[in-house]
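*Asks:* Each residue of the sequence shown is one higher than the last, beginning at 1 in full-length UniProt numbering.
Glycine is no exception: its CB is placed at the ideal position from the N, C-alpha and C atoms.
Here the structure is a predicted model, which is why all the values come from computation and not from measurement.
Submitted below is the structure of interest, expressed as structure tokens.
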Amino acid sequence: MGLLDHVNNAVSGAKSHVVKPSKEDRPPEGAAADDTEELDEESGNILMSLIGQLRIGMDLSKVTLPTFVLEPRSMLERITDFMSHPDLIFGAGKLESPEKRFLQVTRYYLSGWHIKPKGVKKPYNPVLGEFFRCTYNYPNGTKGYYIAEQVSHHPPISAYYYISPENSLLIYGELKPKSKFLGNSAATIMGGENRVVLLDKLEDGEYRISMPNMYARGILFGRMVLELGDTSKIQNENYNLSCDVEFKTKGYFTGTYNAIGGKVTRSGKAVGEITGKWNEVMDFKDSSTGKTEELFNSHNAQTVQKEVIPEDQQEPNESRRLWSKVTEGIKEKNLDKATESKTAIEDYQRQLAREREEKGETWQPKYFVLKGDRYYPKIDSALAIEYRPQVVADYFAQMSA
């Protein structure tokens with residue numbers, strides 16, 4: 001029996017229990033309504049039933065979270081949010097100064113955070129071997145291609161690869177999230193690294209980017225609020241350029257939600273300063289001229305929509321098809337259907353793990369290969385990407401040698 005059969009069997013026996021809509025209430029002072037959420041009585045009771053499992057500092061991967069806190073898409077798809085404004089970086093390789101190219105990469109990275117679901121939601125944890133692929137058609141007639149695969153389960157690691165050949169842009173990396181219970185908050189520590197390569201400016205080397213951490217506040221009492229916190233680092237070693245971006249969390253009595261601050265430096269000398277809010281408007285002040293320019297404005301940004309093949313044409317372990325019954329349950333507000341479907345997927349994964357262990361088999365990723373501490377795409381994989389320019393094949397051959 002295959003995975004989809006397990007899911008369908010579980011769903012067919014699901015009860016018709018419907019979660020009530022969340023109550024409307026004022027968000028905490030300074031927080032946007034989309035960043036907050038109040039649990040209804042049913043959801044609150046289920047969440048409270050989990051408290052007995054929790055200990056401060058505990059790894060939340062050992063706890064099965066209720067489906068009402070889930071965003072109806074996989075983390076493999078969530079990563080595509082950072083491919084939503086590629087026009088911000090297209091043509092960056094043609095800019096004359098390293099500082100300007102670095103600022104464009106920084107602008108691209110900071111533009112991905114405002115895209116998120118309403119309330120406090122967590123994407124599905126991808127299962128081992130799950131993958132997500134999509135394409136983009138841009139207004140200038142060019143295309144982009146993306147594929148991501150869950151390459152490890154313990155610890156969880158998502159590897160991803162994006163390319164827009166006509167725009168000389170390559171992005172790849174790994175996401176290594178680890179969740180911890182902190183009391184009235186849950187933290188997702190975002191390990192891993194995002195790497196940007198300007199294919200028409202290979203002498204720049206890689207622009208390497210680390211992620212901030214995520215915090216869900218008020219999970220036991222009060223109104224839940226989602227925050228980004230701590231520091232993200234953007235760096236280009238070839239030109240000794242770096243930017244430490246602080247994602248500021250709100251204090252009890254001071255500060256505001258979603259504020260950031262960052263300083264761009266080259267060889268320790270100030271280049272400029274970034275201020276604003278990651279979900280609204282961010283500005284850059286040039287240290288040499290004193291002039292301030294708008295770095296990114298989420299209110300007028302045009303998001304490029306991804307294109308995904310229909311679910312009935314997808315492979316069984318492709319994200320949207322794999323999680324389709326869970327997604328249906330969440331969108332229908334049918335908690336039982338979502339929960340039973342999610343449990344069926346998890347049970348089947350445990351069954352596959354036992355079978356591999358009994359046979360002495362070691363699972364290997366299909367679309368990525370591990371070299372050192374990095375996962376590189378298998379460029380010769382027909383499914384991995386439709387367009388594989390030789391410059392990319394040569395680049396990864398050199399990097400993974």
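Would you call the CB atoms of L228 and R107 closer than 7 Å?
*Replies:* Against a cut-off of 7 Å, the Cβ pair of R107 and L228 comes out as no contact.
*Asks:* Please determine, among Q104, A159 and M190, the residue with the shortest C-alpha to C-alpha distance to G91.
*Replies:* The shortest Cα separation from G91 among Q104, A159 and M190 belongs to Q104.
*Asks:* Go ahead and pull the three-state DSSP assignment for M83.
*Replies:* Here M83 sits in helix by DSSP.
*Asks:* Could you check the C-alpha separation between Y239 and D200 for me, to the nearest Å?
*Replies:* Each residue's alpha carbon lies about 17 Å from the other.
*Asks:* I163 to S400, Cα distance in whole Å?
*Replies:* One C-alpha to the other measures close to 18 Å.
*Asks:* Let's test the definition: count the other Cβ atoms within 10 Å of the Cβ of G360 and tell me whether it reaches 16, buried, or not, exposed.
*Replies:* By the 10 Å Cβ count, G360 comes out exposed.
*Asks:* Going by DSSP in three states, M211 sits in which element: helix, strand or coil?
*Replies:* Correct three-state label for M211: coil.
*Asks:* Assuming K176 and P156 are in contact, meaning their beta carbons sit under 8 Å apart, how far apart are those beta carbons, in whole angstroms?
*Replies:* Correct: roughly 7 Å between the Cβ atoms.
*Asks:* Can you tell me which residues form a DSSP beta bridge with Y375?
*Replies:* For Y375, which the question treats as bridged, DSSP gives the partners L370.
*Asks:* Quick check: S74 and S319, are their CB atoms within less than 7 Å of each other?
*Replies:* Yes, the pair counts as a contact, with Cβ atoms nearer than the cut-off.
*Asks:* In three-state terms, what does DSSP make of D200?
*Replies:* DSSP places D200 in coil when its eight states are reduced to three.
*Asks:* Whose CA, out of K178, S97, K285 and H153, lies closest to the CA of D204?
*Replies:* Looking at the Cα atoms, S97 is the closest of the given residues.
*Asks:* Do you know whose CA, among E280, E358, Q364 and L198, lies nearest T256's CA?
*Replies:* Measuring from the Cα of T256, the nearest candidate turns out to be E280.
*Asks:* On the criterion of 16 or more Cβ atoms from any shown chain inside 10 Å, does P86 qualify as buried, or is it exposed?
*Replies:* It counts as buried.
*Asks:* Could you check which residue in L198, E237 and V264 has the C-alpha nearest to that of residue 403?
*Replies:* The structure shown does not extend to residue 403, since the chain is modelled only from 1 to 401, so the question has no answer here.
*Asks:* What separation, rounded to the nearest whole angstrom, lies between the Cα atoms of L352 and G262?
*Replies:* Taking the straight line joining both Cα atoms gives about 46 Å.
*Asks:* Going along the chain, which residues of its own chain have a beta-carbon closer than 6 Å to the beta-carbon of M190, five neighbours each way excluded?
*Replies:* Closer than 6 Å at the Cβ level, and outside the excluded window around M190, lie P177, M211 and N213.
*Asks:* Along the chain, where does the alpha helix (DSSP H) that runs through S341 open and close?
*Replies:* Element bounds for S341: L335 to K359.
*Asks:* Helix, strand or coil for R101? Go by DSSP, reduced to three states.
*Replies:* Looking at R101 - three-state DSSP - the assignment turns out to be helix.
*Asks:* Where do the N-terminal and C-terminal ends of the alpha helix (DSSP H) with I330 fall, by residue?
*Replies:* That run of the alpha helix (DSSP H) goes S324 to K331.
*Asks:* How many angstroms separate the CA atom of P27 from the CA atom of P377?
*Replies:* Caution applies to P27, whose pLDDT of 41 falls short of 50 and renders its modelled position unreliable; the value that the coordinates give is listed next. In a straight line, the C-alpha of P27 is about 43 Å away from that of P377.
*Asks:* Using only the alpha-carbon positions, how far apart do G268 and L241 sit?
*Replies:* Spanning the two alpha carbons is a distance of roughly 8 Å.
*Asks:* Here's a check: name, in chain order, each residue in its chain whose Cβ is nearer than 7 Å to the Cβ of P72, leaving out the five neighbours to either side.
*Replies:* Once the five neighbours on either side are set aside, the close Cβ partners of P72 are T327, I330 and K331.
*Asks:* Can you look up G272 in the DSSP assignment and give me helix, strand or coil?
*Replies:* G272: strand per DSSP, three-state reduction.
*Asks:* For S319, which three-state DSSP category applies?
*Replies:* If DSSP states are grouped into helix, strand and coil, S319 belongs with the helices.
*Asks:* Considering only DSSP beta bridges, list what F284 is partnered with.
*Replies:* I274 and E293.
*Asks:* Alpha carbon to alpha carbon, what distance is there between I309 and Y138?
*Replies:* So the alpha carbons of these two residues sit roughly 17 Å apart.
*Asks:* Taking DSSP's pairing of strands, which residues face S111 in a bridge?
*Replies:* DSSP, once it has assigned bridges, lists no residue as partnering S111.
*Asks:* Would you mind working out which of V151, E166 and L170 sits nearest N125, comparing C-alpha positions?
*Replies:* Selected option, being the one with the closest Cα: V151.
*Asks:* State yes or no: is the C-beta of L76 within less than 7 Å of the C-beta of F132?
*Replies:* Yes, Cβ-Cβ distance for L76 and F132 is below 7 Å.
*Asks:* Please report how far the alpha carbon of A397 lies from the alpha carbon of A259, in whole angstroms.
*Replies:* Their backbone Cα atoms lie some 40 Å apart in a straight line.
*Asks:* What would DSSP say about G129, mapped onto helix, strand or coil?
*Replies:* Looking at G129 - three-state DSSP - the assignment turns out to be coil, as it is neither helix nor strand.
*Asks:* What is the rounded straight-line gap between the Cα of D230 and the Cα of D244?
*Replies:* Those two C-alpha atoms are separated by around 10 Å.
*Asks:* Would you mind working out which of W278, E355 and Y109 sits nearest I171, comparing C-alpha positions?
*Replies:* Comparing Cα positions, the closest option is Y109.
*Asks:* Once the 5 residues before and after G276 are set aside, which same chain residues still bring their CB inside 6 Å of it?
*Replies:* Only M282 and D283 meet the Cβ criterion.
*Asks:* Give the secondary structure of Y395 by DSSP, where H, G and I count as helix, E and B as strand, and everything else as coil.
*Replies:* Residue state, collapsed to three classes: helix.
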